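Participant:
In UniProt numbering, the protein residues as written are 1 to 446.
1) Could you spell out the range, first to last residue, of the alpha helix (DSSP H) harbouring residue 327?
2) Going along the chain, which residues of its own chain have a beta-carbon closer than 6 Å to the beta-carbon of residue 111, five neighbours each way excluded?
3) If we count the other Cβ atoms within 10 Å of its Cβ and call it buried at 16 or more, is residue 114 buried or exposed?
4) Just to confirm before moving on: does the CB-CB distance between residue 281 and residue 292 stay below 8 Å?
5) Tell me, please, whether the CB atom of residue 52 is closer than 8 Å to any CB atom in chain C?
6) Rounded to whole angstroms, what is the Cα-Cα separation between residue 41 and residue 63?
7) Are the CB atoms of residue 258 and residue 202 within a distance shorter than 8 Å?
8) Any idea what DSSP makes of residue 345, helix, strand or coil?
9) Give the straight-line distance between the Cα atoms of residue 244 and residue 60, rounded to the nearest whole angstrom.
10) On a CA-only basis, which of 210, 79 and 286 is nearest residue 229? Give me that one, please.
11) Using beta-carbon positions only, say whether residue 358 and residue 289 come within less than 8 Å of one another.
12) If you scan the segment 271 to 314 from start to end, which runs of the alpha helix (DSSP H) of 4 or more residues do you find wholly inside it?
13) Is the beta carbon of residue 237 closer than 8 Å to that of residue 171?
14) CA-CA distance, residue 178 and residue 287?
15) Could you spell out where the beta strand (DSSP E) holding residue 376 opens and where it closes?
16) Looking at the structure shown, is residue 137 part of a helix, part of a strand, or coil, going by DSSP?
17) Does the segment 312 to 323 come within contact of the segment 258 to 274, defined as at least 3 CB pairs closer than 8 Å?
18) Going by the C-beta, is residue 366 closer than 7 Å to any heavy atom of the ligand GTP?
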């Protein structure tokens, strides 16, 4: 090989190494030039968040690890009340971190840039969206609109989400046993661990929990000695069945690692809590709810297996959630004792419909047909057979243009209704968790 070819080969190898690492380690000179350029473009004033427009949006998102964007309207009084707080937070963070690409706060006037409002699916003001490494996060900021609360939230977002473990017993003692992403590395200084860390930051709100083991501890748990990532679906059930899978992609490729972990952690079946109820309700889909006892782990696992086998094509239409009925009993009055659990309901935002028996999930296609009956209106018709026979209407249903039955449909379903007890008729609770009009201005109001 000639010197020229060797030189070209070394150059290509260097380029490939940089590409493979997805530019995790940008050079200081490059970042300094980029920051200076962006600062001139933004022209932000001290004490204010960056005022976004379409020309600078991409530059802001991709030059910072974490960006919070306030989507607002000047016609919304809640936006205008919060604006000084948001600007003050931007100024405080700039004083604390500088412009080193760690974090930035920005704001966007939705009236001036409606295309960007549509792009990020903004339906209320103010909305504070979270972006990590240029990607929009799954959740938004829903905390208190105070300076202290906002700063505290951002500090929490900047913390490394990875916890170190030295043995499997360390993991078994953790409260969270589901959706574990386990990394085994030679050391915390390895480039591949840096990619893993970046991925964990980008996916910190995607229902997965990141753990890493290093050095001798990693070798004892991972005999191959190579850096490795394993996804463990449910550690509590590991002795009963193998629910783990190994990552076989590039250990130094951020995009590939991100996609694999993202797909593994995609929420199929979520636990409903006071913290995530508004977030899930705002997705605008009916809920298929499993009510279970606090100590009952098996029913959720069994339902999740049915979802994976038969109902994956329903994930874009409904949300599958589980509820500890003891905690939520006063909110979801399902007229059940603990001994009668588990039970399944569909909450359509108007009514709640009860699935006949939990054990029926084992009948192929039974739960899928129940969900289809929601779409066709059959559940709603059955729910109101007696009211329609009596000539009575439901004002709330009429306002929502619900499907009404014909006389033939009523007579066909009358016998089904006779077998339905009064306690299976429940009003929706999902709508109680939609964004409060005491905190937001809805887009269609302006």
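C-beta: ideal position from N, C-alpha, C; glycine also.
Just so you know, these numbers come straight off a predicted model, no measurement behind them.
Facilitator: On the basis of the coordinates in this document:
1) 325 to 328
2) 73
3) exposed
4) no
5) Going by chain labels, chain C is absent from the structure shown, which holds only one protein chain.
6) With a pLDDT of only 48 at residue 41, under the threshold of 50, the placement of this residue in the model should not be trusted; the figure read from the coordinates follows. Straight across, the Cα-Cα distance linking residue 41 with residue 63 is about 13 Å.
7) Yes, they are a contact pair.
8) In the three-state DSSP reduction, residue 345 falls in the strand class (E or B).
9) 38 Å
10) 210
11) no
12) 277 to 281 and 298 to 310
13) no
14) 21 Å
15) No beta strand (DSSP E) contains residue 376, which is instead part of the alpha helix (DSSP H) from 366 to 376.
16) strand
17) Yes: at least three Cβ pairs fall under 8 Å.
18) Summarising the ligand content, the structure contains no ligands, and the ligand GTP is consequently not present.
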